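First the structure, in the form of structure tokens, and then the observations on it.
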Amino acid sequence: MVDGISSSTPAPVNSEPDTASFHPQSDRPASADFSPESSRGHTSSRNRPPHLARGKTANSRPQDVKLGRGPSDAATPSGNNRSSRRRSQAPPGDDLTSILTFSLSTPPFPECMICFNPIRPEQPSWSCSPREERDVHSCWNTFHLKCIQPWAEKSVKDIEEAWRARGEEKKGEWRCPGCQSKREVVPRKYWCFCGFTQDPKPPRLATPHSCGNSCSRARVCGHPCLLPCHPGPCPPCMITIQNPCHCGKDVVALVCSRTNSTTTGGVSLPSSRSCGHECGKSLSCRNHICKSTCHDGECPPCPVSDLVRCWCGKERKKLACGEGEAKECNILSADGEESWIGKFDCGNVCERPFDCGTHKCSKTCHPPSPVAPECPYSPVVVTHCPCGKHSLSDSASSRYFTKGAKIVRSACTDPIPTCMSPCGKLLGGCPCPPCVVPLVRPCRCGTTTRSLTCSAAQSETESTTFLCNKPCGALRACGHHQCTRLCCPLANLANPSGKGKKKASGNTTNADVVDVSGWHICDVVCGKLLSCGNHRCEERDHRGSCPPCFQSSFEEITCHCERSVLEPPVPCGMRVECSYPCVRPAPSCGHPKGTHLCHGDATSCPPCVYLTEKPCACGKMVIGNVRCSQEKVSCGKPCGRPLGCGFHLCEQLCHAGACFSCTAICGKPRKLCLPTQHPCTQPCHAPSVCPEVEPCSAVITVLCACGRIQQAVLCGRSASNSAGREATLAPRCTNECEIGKRNARLAEALGINPDLHKVNRQVAYSDELLAFARLNGKFVELVEKAFSEFVTSDKKVQVLPHMPEAKRKFLSTVYRMDTQMVDREPHRSVQLIRRIDTRIPANPLSQVFSTLGKLTDLRASPRPVLAPNSSSGLPRVSRGWNSVLAPSPARTPPPPAQSINNLSARTTPVGSNHASRSSTPLQSLSVAPITATAPSSEAVPDSWEDDV
1 MVDGISSSTP
11 APVNSEPDTA
21 SFHPQSDRPA
31 SADFSPESSR
41 GHTSSRNRPP
51 HLARGKTANS
61 RPQDVKLGRG
71 PSDAATPSGN
81 NRSSRRRSQA
91 PPGDDLTSIL
101 TFSLSTPPFP
111 ECMICFNPIR
121 PEQPSWSCSP
131 REERDVHSCW
141 NTFHLKCIQP
151 WAEKSVKDIE
161 EAWRARGEEK
171 KGEWRCPGCQ
181 SKREVVPRKY
191 WCFCGFTQDP
201 KPPRLATPHS
211 CGNSCSRARV
221 CGHPCLLPCH
231 PGPCPPCMIT
241 IQNPCHCGKD
251 VVALVCSRTN
261 STTTGGVSLP
271 SSRSCGHECG
281 KSLSCRNHIC
291 KSTCHDGECP
301 PCPVSDLVRC
311 WCGKERKKLA
321 CGEGEAKECN
331 ILSADGEESW
341 IGKFDCGNVC
351 ERPFDCGTHK
361 CSKTCHPPSP
371 VAPECPYSPV
381 VVTHCPCGKH
391 SLSDSASSRY
401 FTKGAKIVRS
411 ACTDPIPTCM
421 SPCGKLLGGC
431 PCPPCVVPLV
441 RPCRCGTTTR
451 SLTCSAAQSE
461 TESTTFLCNK
471 PCGALRACGH
481 HQCTRLCCPL
491 ANLANPSGKG
501 KKKASGNTTN
511 ADVVDVSGWH
521 ICDVVCGKLL
531 SCGNHRCEER
541 DHRGSCPPCF
551 QSSFEEITCH
561 CERSVLEPPV
571 PCGMRVECSY
581 PCVRPAPSCG
591 HPKGTHLCHG
601 DATSCPPCVY
611 LTEKPCACGK
621 MVIGNVRCSQ
631 EKVSCGKPCG
641 RPLGCGFHLC
651 EQLCHAGACF
661 SCTAICGKPR
671 KLCLPTQHPC
681 TQPCHAPSVC
691 PEVEPCSAVI
701 TVLCACGRIQ
711 QAVLCGRSAS
721 NSAGREATLA
731 PRCTNECEIG
741 KRNARLAEAL
751 GINPDLHKVN
761 RQVAYSDELL
771 AFARLNGKFV
781 ELVEKAFSEF
791 VTSDKKVQVL
801 PHMPEAKRKF
811 LSTVYRMDTQ
821 MVDREPHRSV
831 QLIRRIDTRI
841 PANPLSQVFS
851 TLGKLTDLRA
861 SPRPVLAPNS
871 SSGLPRVSRG
881 WNSVLAPSPA
891 RTPPPPAQSI
901 NNLSARTTPV
911 GSNHASRSST
921 PLQSLSVAPI
931 TATAPSSEAV
941 PDSWEDDV
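In the UniProt record's numbering, the protein residues as written are 1 to 948.
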């Protein structure tokens, strides 16, 4: 079937020579009733104009297409009438070759029966012709080479695997999609129609996919085709030749195609080479002549039959004249000589006695000898032992035989003795015992060997072959799955030898090895989604991309607006692409619909893009500037609705629907722990009362009897222990407690108030330091936090991040720490070194400047204001050291050096009888890197115990 024209029946041939009917390029006018639309293979209920095929839109109204109006009824663009006029022309001839040539040369081009796409002149193709296989029926259909090749390869593989599953090794075959004829050769290359040129490039006026040269394909008669390279079968040979008649007595002039019925493509023609006289040829018997009229072919067999004997003379039967193999047979006996002509083998044993009269001939029917033949067991015939090494006519060779054996035979009935020497003949040539020579044979994969006898090795079959138990670890041909076959011949691909570059270059990979026997063919179905998006690959797992989907639909597909149509056959996965606007109704929100192209039902219209106000999911707020199509709107605040327990509130962010069940900790105060309110740590069990069965895990502080020693313990109160651990784990007083009591009595006697002394021992900061702290509040808090973590930890040394020179003055003197400069500018930083008297002050600097009030800020220098034309824009939010150490280009310069260099605090106590020693201020950080500051002249001051 090519473009809807069946080629199973050849074009009819006229009985008389007609040159115009045999030449496809003749100028004979086409018949008036011929229409190219009638030659289409698939008929449609609607006569659509050509421009509506393959998803192209028409300018006609939709109802015109729906009612099936033809090209003359619907208004079509003027540019599309060109192809209609060209296709409306009839082919120059009504034979198959002319029709195929016309369809391949004139658009619309014929469709490939596999992918249903047109076969264009520039696309490689394959034609179903007997070029590759002479004895195969051909339909002359044309296919895409990229379609027919995977079609044939898949069929061949499937059939070979089916035969292999049955234990047979046979070649696979495939069927042509057009004529279903079986073929074995898979098309892999692009050839012209005549088969002489690969990858043809036809001239401008030549038939597409042809070479442009003379066809020259040999016909059955032997004469080459004189037409240019063409599709379809070659026309019958029209050469006039002088042929003798069938009997050879006369000469007849006929067209070459009339001389034999086989040259006309299977059409029977009346024979015209008979001279009408008697044949006169000798029959097959060579005894009689043919008396029939001059005829074609072999003469009939001879009708005469004779009664003949077999070669041995035991049976007789009737045979036709000339049948059998005639052999002359004669026997001499006492009664005289008997002779006959034997013509067949009766199959019986001869049983004619030899000259000894004891033994008889054991051969089947054969021509006998005139006299009785000599006995094969006669001493004259048998002169050596069976192996032929020692003579039986001389008693000197008796040492080679067993003792008592009769060596010299006198009659044919005497036994033939055997010697004691090795036989030495090839096995199978005599009834010798099996060969026991040991051999070493490897297993199928070559990793294991075994020893066996030579006879056992020769008697091995495929089912008894030695196999090891080592599974194959190489990848199959798909490159994804591992071969687990035991004793696989290709197991060496899993462990290639060599190292480095030798391993990469010298060894073969799975893709380089040609697996002829199919050991590594993957038996797992690929299952990947094909390009159509609807079906999955049904082939065995393979490398590379999957083939295209061959499914198709024979129903036309229209878009939603019915202005674009895809006519059948429609390949699977193809969608209608309509260029008209969508006609679906506007959304229910009331906003105007956005303009967009027509689309399928599976794709929804674009969402509404207008901004509106919507309440949040929890219903607390109304959010503005929200897209109309947005369904979930959140205010970003906690929900706050009471949970099912009635005690806790929902802590999730704004959400829709019911809140989740309560999973919080109870948190109610335990009654046994009153007056201290220790929370219940059990999961929420409201509204029931707290069970208080488990001991309370809150930490409390117990004191000794004098109240000096403190110890943290668990509360431990429960229903079974209402007192808890407060009474049992209280610490006892020590000697220091007695000393403290004595000091208290002494202070009372002297009139000293210790509490007032501790309050007055707070640190006093200078005005310059307080002004610096007000300008760099975050920096001061960050430094104090770093100092506190360092003091409370077990570290001896800590290095702070690098910072500018104006901020390298710390409160290290107040904390009683040594400092050291590290690294060079601009990455210089400060290293802190712990001392024995390192401490945390009672009143941090951040706490002091935060409680001074607004009136105190009047003494500080005014804060800098950002310039109105500053290009920095909004300040960037940063955290940690970077937020306080990064220089700000919009701020004013730092305070004068004298107010920053005096950052070390004065520790002059208020109300003290003696002045404390001033701490050594930090040195300037302009010194060389990693230069330690001079050690303090007084590493441990006298008043280091005052603030403990």
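Where is the CB? At the ideal position from N, CA and C, for every residue including glycine.
Note that the structure is predicted; figures quoted are calculated from it, not measured.
Residue i, enclosing alpha helix (DSSP H) - first and last residue
| i | result |
| --- | --- |
| P150 | 145 to 165 |
| S99 | Note that residue 99 corresponds to Ile in the displayed sequence, not to Ser. Unbroken alpha helix (DSSP H) run through I99: 96 to 105. |
| S788 | 777 to 792 |
Endpoints, beta strand (DSSP E) assigned at residue i
| i | result |
| --- | --- |
| D818 | 818 to 822 |
| D306 | 305 to 310 |
| A686 | Run containing A686: none; DSSP gives neither H nor E here. |
| N735 | Careful: N735 lies outside any beta strand (DSSP E), inside the alpha helix (DSSP H) at 735 to 750. |
| A712 | 710 to 714 |
| E337 | 336 to 344 |
| residue 949 | Residue numbering for the chain in the displayed model covers 1 to 948; residue 949 lies beyond these limits and cannot be assessed. |
| residue 949 | Because the chain here runs from 1 to 948, residue 949 falls outside it and cannot be looked at. |
| L703 | 699 to 703 |
| S451 | 449 to 453 |
Proximity of residue i and residue j at Cβ, strictly below 8 Å
| i | j | result |
| --- | --- | --- |
| H560 | G600 | yes |
| P108 | P118 | yes |
| C234 | P548 | no |
| residue 1000 | V251 | The question about residue 1000 has no answer, for the chain in this structure spans 1 to 948. |
| C310 | S284 | no |
| C443 | F466 | yes |
| A656 | K632 | yes |
| S103 | P92 | no |
| H596 | C605 | yes |
| K314 | A326 | no |
| R575 | H520 | no |
| V349 | S339 | no |
Rounded C-alpha distance that separates residue i from residue j
| i | j | result |
| --- | --- | --- |
| R659 | H678 | Rather than Arg, the amino acid found at residue 659 in this sequence is Cys. About 28 Å. |
| D767 | V797 | 31 Å |
| D523 | G473 | 16 Å |
| S105 | T293 | 52 Å |
| L653 | V689 | 30 Å |
| P844 | T819 | 19 Å |
| residue 951 | G357 | What the structure shows of the chain is the stretch from 1 to 948, and residue 951 is not part of that stretch, so it cannot be assessed. |
| N901 | R808 | Bear in mind that a pLDDT of 34 at N901, under 50, signals an unreliable position, so the model cannot answer this. |
| A396 | K406 | 12 Å |
| T461 | V514 | 25 Å |
| V713 | I700 | 6 Å |
| R708 | P841 | 22 Å |
| H230 | A253 | 30 Å |
| R352 | C346 | 15 Å |
| P669 | P731 | 27 Å |
| T728 | T676 | 18 Å |
| C645 | V626 | 35 Å |
| F849 | Y815 | 18 Å |
Check: residue i C-beta below 7 Å from any heavy atom of the ligand ADP
| i | result |
| --- | --- |
| L467 | With respect to the ligand ADP, the structure shown offers nothing to examine, as it has no ligands at all. |
Residue(s) in a DSSP beta bridge with residue i
| i | result |
| --- | --- |
| A320 | S305 |
| E460 | Bridge partners of E460: none, in fact. |
| W126 | F143 |
| R175 | K182 |
| I840 | Answer is none; I840 lacks a bridge partner. |
### Message
I want to know whether the region 206 to 219 touches the region 172 to 180 - three or more CB-CB distances under 8 Å.
### Response
Counting Cβ pairs under 8 Å, fewer than three are found: no touch.
### Query
For the 8 Å Cβ check, are there 3 or more pairs between the region 734 to 752 and the region 710 to 725?
With the rule of 3 Cβ pairs closer than 8 Å, the region 734 to 752 does not count as touching the region 710 to 725.
### Message
Using a Cβ distance threshold of 8 Å, determine whether the region 395 to 410 contacts the region 369 to 376, with at least three qualifying pairs required.
### Response
As far as the Cβ criterion goes, the region 395 to 410 does not touch the region 369 to 376, which means the pair count is below three.
### Message
Does the structure place the region 827 to 842 close enough to the region 780 to 794 that three or more beta carbon pairs sit under 8 Å?
### Response
Taking a cut-off of 8 Å for Cβ pairs, the region 780 to 794 and the region 827 to 842 touch, as three or more such pairs fall below it.
### Task
Please determine if the region 548 to 558 and the region 570 to 587 are in contact, where contact requires at least 3 C-beta pairs separated by less than 8 Å.
The region 548 to 558, when compared against the region 570 to 587, does touch it at the 8 Å Cβ threshold.
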